[in-house]
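Structure record follows, encoded as structure tokens.
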Amino acid sequence: MSSIPVNSSLTAAKTYHLAVCLFPDVTILDYQGPIELLGGFSTDLRAKPDSYLHKFKQYLPSFAIDVEYLSDSEDAVIPSAGPRVLPTGTYEGVMKAGKQFDILLIPGGPTASPAHAHPSLLQFLKQQAPGAKHILTICSGSWILAGTGLLDGKKATTNKMLYNIITVHTKDMNITWIPKARYVVNDDKKIWTSSGVTAGMDLAHAFLEYLAGHDTADKLGMVLEMSYKQAGDDEFAAIHGLV
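Per full-length UniProt numbering, residue 1 is the first one in the sequence shown, and the count goes up by one each step.
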């Protein structure tokens, strides 16, 4: 029996390669929420004849975003909550292979900090940053990025419950921390940082809008039945006494 032909309109003209940076105690929702939106039209899904994407092909952008999940070893990553996660590769392996990613996504977690980060993660970020088109951090993932020096001279935000802790620990760095922000985008559009956990979905929607336009981002957001907030719509800054 012949397979159902794939509609050629689902073929992407361009593919972005995105690396999710995993580590012990990572918060799964930090990255999985954004990946549901950004990775929901990957090359693999586009190629499946029975994929739901065929019902929404008029909404698809001209590009695909393919995702890899990296860690410091090939062992399953134990998150702060939820099931263990098997990485698809390691930081050392990627660096030895010389592979360059277009997008880096750094989630946070209850123990996320430069002090707790594996050296290979920090080295990977430093090595990838010059060639990466975009770097996205969710929640306290911005603290990990701060530890690489890549936030020096940049604007950023982070989890509001941890805001004072993170800003105190980075007070000697040249980082402009924004207390009232659901997410912060630097002027060159390279580094995007979000507030805590679910704010990652707001950042992902804004990022998709930047890449594909307002209509596409809204339509794909509707497929997920998601609501989203704008950059300055942050009630948690006041709740935690930051403004």
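For each residue, glycine too, the CB sits at the ideal point set by N, CA and C.
Spatial neighbours of residue i in its chain, beta-carbon cut-off 8 Å, leaving aside the 5 residues before and after
i, result
"residue 63", "12, 13, 14, 15, 16, 211 and 212"
"residue 224", "36, 37 and 40"
"residue 232", "180, 181 and 182"
Endpoints, the beta strand (DSSP E) within which residue i is located
i, result
"residue 15", "14-21"
"residue 156", "154-156"
"residue 194", "191-194"
"residue 184", "183-185"
"residue 166", "No beta strand (DSSP E) contains residue 166, which is instead part of the alpha helix (DSSP H) from 163-169."
"residue 176", "175-177"
Bridge partner(s) assigned by DSSP for residue i
i, result
"residue 103", "18 and 134"
"residue 63", "14"
"residue 150", "In DSSP, residue 150 forms no bridge with anything."
"residue 71", "90"
"residue 77", "85"
When the options are compared against residue i, the one with the closest alpha-carbon
i, options, result
"residue 170", "195, 144 and 86", "144"
"residue 172", "21, 153 and 59", "153"
"residue 162", "195, 71 and 134", "195"
"residue 104", "115, 71, 60 and 217", "71"
"residue 151", "139, 160 and 135", "135"
"residue 102", "113, 146 and 131", "131"
"residue 146", "133, 120, 177 and 160", "177"
"residue 190", "129, 83 and 122", "129"
"residue 99", "187, 18 and 214", "18"
"residue 202", "235, 230, 115 and 30", "230"
"residue 215", "226, 133 and 59", "59"
Residues of its chain near residue i, where Cβ-Cβ distance is below 7 Å and the 5 sequence neighbours each way are ignored
i, result
"residue 110", "25 and 80"
"residue 90", "70, 71, 72, 73 and 74"
"residue 240", "160, 161 and 163"
"residue 86", "76"
"residue 22", "69, 70, 71, 77, 85 and 87"
"residue 175", "146, 151, 152, 154 and 156"
"residue 2", "With a pLDDT of 34 at residue 2, under the threshold of 50, the modelled position of this residue cannot be trusted; read the value that follows with caution. Hits under 7 Å: none found."
Same chain, Cβ closer than 6 Å to residue i, five either side skipped, listed in chain order
i, result
"residue 51", "45"
"residue 34", "200 and 204"
"residue 221", "205"
"residue 244", "Look at the range of the chain in this structure, 1 to 243, and you will see that residue 244 is not part of it."
"residue 28", "79 and 82"
"residue 217", "205, 208 and 209"
"residue 137", "106, 145 and 193"
Residue i: first and last residue of the uninterrupted alpha helix (DSSP H) it sits in
i, result
"residue 142", "141-146"
"residue 58", "Here residue 58 belongs to no alpha helix (DSSP H), and DSSP marks it neither H nor E."
"residue 207", "199-212"
"residue 33", "28-38"
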